[in-house]
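Some notes on the structure that comes next.
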Amino acid sequence: PSSGGIALAAMLQILEGWELDTLDDAHRTHLVVEAMRRAYRDRTFFLGDPDFVAVPQRVLTSKDYAQGLRATINPEKATPSDLLSGNPTPLEDDETTHFSIIDGEGNRVGATQTVNLLYGSGLIPKGTGVLLNDEMDDFALKPGTPNAFGVMGYAANAPKPGKRMLSSMTPTFMESADKVAVIGTPGGSRIITMVLLGILGYDAGLDAQQVSALPRYHHQWLPDVIEAESNAFSPQTAK
Numbered sequence: 002p003s004s005g006g007i008a009l010a011a012m013l014q015i016l017e018g019w020e021l022d023t024l025d026d027a028h029r030t031h032l033v034v035e036a037m038r039r040a041y042r043d044r045t046f047f048l049g050d051p052d053f054v055a056v057p058q059r060v061l062t063s064k065d066y067a068q069g070l071r072a073t074i075n076p077e078k079a080t081p082s083d084l085l086s087g088n089p090t091p092l093e094d095d096e097t098t099h100f101s102i103i104d105g106e107g108n109r110v111g112a113t114q115t116v117n118l119l120y121g122s123g124l125i126p127k128g129t130g131v132l133l134n135d136e137m138d139d140f141a142l143k144p145g146t147p148n149a150f151g152v153m154g155y156a157a158n159a160p161k162p163g164k165r166m167l168s169s170m171t172p173t174f175m176e177s178a179d180k181v182a183v184i185g186t187p188g189g190s191r192i193i194t195m196v197l198l199g200i201l202g203y204d205a206g207l208d209a210q211q212v213s214a215l216p217r218y219h220h221q222w223l224p225d226v227i228e229a230e231s232n233a234f235s236p237q238t239a240k
């Protein structure tokens, strides 16, 4: 299938934010090239045969997405393409979502929502607009074989009619005599350990911003490795 329509629409949406006919040739050319750069980056990561991959066409051609890309363009300086490598962050809302809310009366909600993997099952019941999840992957479909997140499972989590699969979602309330906190996160199998680190940080006196900024690390028994952000450990701790 042609990628031209999506890429062309994306570039035009980006450029719509400027009055190109009022700019000199150098600035006009610069902005056009930056729009090309971003559209082709997205083409590389997201476009393929829609019969085989989920193509986020509506997002890539939307005004909101273009506005986000436009904000990354320096009108006076080219963006090195290697700084645009990797999956673009504006599509992060395809992942699990968590929200924590406390109102003025102290009522609180912590909710984690997910369809599991990208676009869930890919099925929408007619007339509902609801995308069904693919949480079946959270069962131990074959004992001793890891799921998409590398988590192992055995007979206790094997699928049976009417049985519910395990989940890693961990919305949590923390309360003391004078404080309350609501915490949760996306992250697949890492959710539980991320919430643990958040609780430990909160217990150590960190505020919400500091807890959110904490470097993360994770271990889930198998595979027997520690996953960690690049700044999680000092050289001495890493040894």
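Per our numbering, the sequence shown starts with residue 2, numbered consecutively. Glycine is no exception: its CB is placed at the ideal position from the N, C-alpha and C atoms.
- The count of Cβ pairs closer than 8 Å, one atom from the stretch 63-82 and one from the stretch 32-42, reaches three, so the stretches are in contact.
- Apart from sequence neighbours up to five positions away, the residues of its chain that approach L16 with a beta-carbon distance below 8 Å are L32, V33 and A36, ordered along the chain.
- The count of Cβ pairs closer than 8 Å, one atom from the stretch 114-121 and one from the stretch 136-146, reaches three, so the stretches are in contact.
- DSSP places M175 inside the beta strand (DSSP E), whose first and last residues are T173 to E176.
- In this structure, the CA atom of Q58 is about 13 Å from the CA atom of Q14.
- When C-beta atoms of the stretch 154-173 are compared with those of the stretch 69-83, fewer than three pairs fall below 8 Å, so the two segments do not count as touching.
- Q211 has its alpha-carbon roughly 9 Å from the corresponding atom of G199.
- For A112, the uninterrupted beta strand (DSSP E) run begins and ends at R109 to Q114, by DSSP.
- G130 and A79 have their C-alpha atoms spaced approximately 41 Å apart.
- Closest in alpha carbon position to G18, among R44, P76 and Y41, is P76.
- DSSP places H31 inside the alpha helix (DSSP H), whose first and last residues are D26 to F47.
- For A182, the enclosing beta strand (DSSP E) starts and ends at V181 to I184.
- If you look at T98, you'll find it in the beta strand (DSSP E) that goes T98 to I103.
- Taking the Cβ atoms as the reference, P187 lies roughly 4 Å from T97, within the contact range of under 8 Å.
- Here the alpha carbons of Y203 and S213 stand approximately 10 Å from one another.
- A direct Cα-to-Cα measurement between F100 and E106 gives close to 18 Å.
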